[in-house]
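Enquirer:
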Amino acid sequence: MAFEVIVLPGEGIGPEVTAEAVRVLDWFAAHRGLDVNLRLESHGTAAHAKHGQVIADSVFADLLSADAVLFGATGGPAFDELPEAARKAGGLLRMRRHMEVFANIRPIVACPELADATSLKADVVDGVDMVIVRELNGGIYFGEPRGLERLDDETERGVNTLVYETPEIERIARFAFELARARGGHVHSVDKSNVLETHKLWRKVVSRVGAEDYADVPLSHIIVDNCAMQIIREPKQFDVILADNMFGDILSDLAGAIVGSLGMLPSASLSAPDAAGRRRALYEPVHGSAPDIAGRGIANPIGAMLSVGLALHHSFGRGDDAKLLARAVRRTLGAGIRTPDIRAPNAKAVSTKGMGDAVLRELTRLNGG
Ligand code: NAD
């Protein structure tokens, strides 16, 4: 049976980088027997122009049965102009919650070929191989009460609520411990428990889950401010970083500096497995819609292309194909082919499509012809 994949390119550079990700899927279908049905749908301003909704109801419903959803990016000036109710009803946050993809995996793997593209020293970055596990369905992005209110003195008050309950922390902690165990690694759990009650609970629950069921997996707790500093100072000390929704969001952009560009980072968001062991899955690059470079054909598509690699691994049971793609990307970068965000000083850069062409060429070469 073919894997059903819904593709939602979204806003800004989303369609540009997603086009290259789709070419990767097409390549694996044509050359490695991957059986996929791609269904291209609109999300965001394009969908709103068509249906008056950010995502059509029928597509929103089908997110639950798809084997994988490939998403580009959301947000930006045009999207922000849409009516608030429409943005909330079909926005990315609601999609993630609707699909119950609570575990967001963000691998950060240094590329020696890009040593000249990072602002960090080569010996600090070389060998970094960590994963940020971000809780994606709870925390301050969803907590109630929230809102803006006008006060009697004509000033305003903004309110958001950082809330987690024990089961939400338990399930993401288990996910992080399982991942660390499979990697033969360890977990750093990030919090702000010195100030926030929610994070006191976070630390308590993570400690208990670790002690009860994962005594073989080393666990450290780290305060978020120190974690941010340590990621830049000595990133190799980390293996699996477990963080809540907001801290995981921020720390993974920071980690983009290790690789050289935010445009390099892929992500997978997974639900709990059903009875058949199948997880709902949403794959997207870590970056946003990048309005500053959108429409120019210069965005780096590697984060989106490697998100397909995560789909090959987690949804399509094709770990070897995921490795093949990673090798093709490394060889492309090793050959000096760069988009402007990772270009060496004074070197020539390729377009988004040029990078896609180069990776596909390497894939074909590695595949024996
Ligand atoms: P951004 O991630 O869009 O861009 C940050 C910086 O990184 C920009 O300078 C951009 O040019 C650069 N960049 C990002 N992706 C790149 C790529 N593939 N190639 C080359 N350079 C790249 O973050 P932002 O500018 O803070 O936000 C823009 C919009 O995106 C906002 O509306 C925000 O809400 C939204 N956003 C969406 C997502 C998502 O869709 N998952 C994530 C983050 C931000």
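Residues are numbered in the working numbering as their position in the sequence shown, beginning at 1, plus a constant of 3.
Where a beta carbon is used, it is the ideal one built from N, C-alpha and C, also for glycine.
(1) For Val-127 and Gly-187, what's the separation of their Cα atoms in angstroms?
(2) Using the DSSP secondary-structure output, state which residues sit across from Arg-283 in a beta bridge.
(3) Which residue wins for smallest C-alpha separation from Ala-59, given the options Arg-153, Ala-92 and Asn-163?
(4) Measure the C-alpha to C-alpha separation of Leu-328 and Asp-156 and round it to an integer number of angstroms.
(5) Restricting to Cα atoms, I'd like to know which of Asp-247, Pro-304 and Pro-238 is closest to Ala-199.
(6) Would you check if there are 3 or more beta carbon pairs closer than 8 Å linking the segment 251 to 261 to the segment 44 to 59?
(7) So if DSSP puts Val-190 in a beta bridge, which residue, or which two residues, is it bridged to?
(8) Report yes if the C-beta of Ile-261 is less than 7 Å from at least one heavy atom of ligand 1; otherwise report no.
(9) Going by the DSSP bridge assignment, what does Asn-107 pair with across the sheet?
(10) Can you tell me whether DSSP reads Asn-40 as helix, strand or coil?
(11) Cβ-heavy atom distance between Ala-76 and ligand 1 below 7 Å?
(12) Could you check if Ser-196 belongs to the surroundings of ligand 1, using beta carbon to heavy atom distance under 7 Å?
(13) Rounded to a whole number of angstroms, what is the C-alpha to C-alpha distance between Leu-151 and Asn-163?
(14) Beta strand (DSSP E) containing Glu-200: first to last residue?
(15) Using the C-alpha atoms, what's the distance from Ile-108 back to Ala-183?
(16) Do the segment 315 to 332 and the segment 137 to 144 meet, that is, are 3 or more Cβ pairs less than 8 Å apart?
(17) Between Ile-235 and Leu-123, how many whole angstroms is the CB-CB distance? I'm expecting something under 8 Å.
(18) Tell me whether Ile-9 sits in a helix, a strand or coil according to DSSP, three-state version.
Expert: This is what the structure gives:
(1) 22 Å
(2) DSSP, once it has assigned bridges, lists no residue as partnering Arg-283.
(3) Ala-92
(4) 59 Å
(5) According to the sequence provided, residue 199 is Leu. The question's Ala does not apply to it. It is Asp-247 whose Cα lies nearest to the Cα of Leu-199.
(6) no
(7) Leu-222 and Val-243
(8) no
(9) Arg-137 and Ser-272
(10) strand
(11) yes
(12) no
(13) 9 Å
(14) First-last for Glu-200: 200 to 216, but that is the alpha helix (DSSP H), not the beta strand (DSSP E).
(15) 12 Å
(16) no
(17) 7 Å
(18) strand
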